[in-house]
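For the sequence shown, my numbering assigns the number 1268 to the initial residue and increments by one for each residue that follows. Structure first, then comments.
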Amino acid sequence: GKTGGPAILSFSFVHLAIHLGILLGLGRLAFPLIQKARASSSSSGGKTGTSFRESVWWNELLLASNANVGGPTTAAGMAAAKKWRVLVVPALLVGVFGYAIATFLSILLGRFVLLPMMGP
């Protein structure tokens, strides 16, 4: 009926908010470890930023979120629009890899969960 649209919109909003919250929360927890690893592996003085929001890690997390939600084309478009040229190809690769994983998992879900639910 007419109530389906708002319900789906609300579900999608909550789903994406939870996704972004978990991604950024775990990213903030992992940030000190990543910063320490990058500092020890590279003495070139690359841009790591002084805080979580100013770091390249923040850009990578936002781009990974975009690749997970919108796919490779929107992630590459975001990287290009933000002038994160070095992240365009990784954005495409992560998005395509996500498609491959999701396709495989959906086939397994259909075979082992949905078919048995449908009965003989």
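From the three backbone atoms N, C-alpha and C, an ideal C-beta is built for every residue, glycine too.
Which residues in the same chain as residue i place their Cβ atom closer than 6 Å to its Cβ, once the five residues preceding and following it in sequence are excluded?
| i | result |
| --- | --- |
| L1351 | Looking at the sequence shown, residue 1351 is not Leu but Trp. Only N1326 meet the Cβ criterion. |
Which two residues bound the contiguous alpha helix (DSSP H) that contains residue i?
| i | result |
| --- | --- |
| T1370 | 1355-1376 |
| S1332 | 1323-1337 |
Using DSSP with H/G/I as helix, E/B as strand and the rest coil, what is residue i?
| i | result |
| --- | --- |
| G1313 | Note that G1313 scores 48 on pLDDT, short of 50, meaning its location in the model is unreliable and no value can be drawn from it. |
| S1308 | helix |
| K1303 | helix |
| G1344 | helix |
| P1387 | coil |
Below 8 Å CB to CB, which residues in the same chain sit around residue i once its five sequence neighbours on both sides are set aside?
| i | result |
| --- | --- |
| V1336 | L1283, H1286 |
What residues in its chain sit with their C-beta under 7 Å from that of residue i, if we drop five residues either side in the sequence?
| i | result |
| --- | --- |
| A1304 | none |
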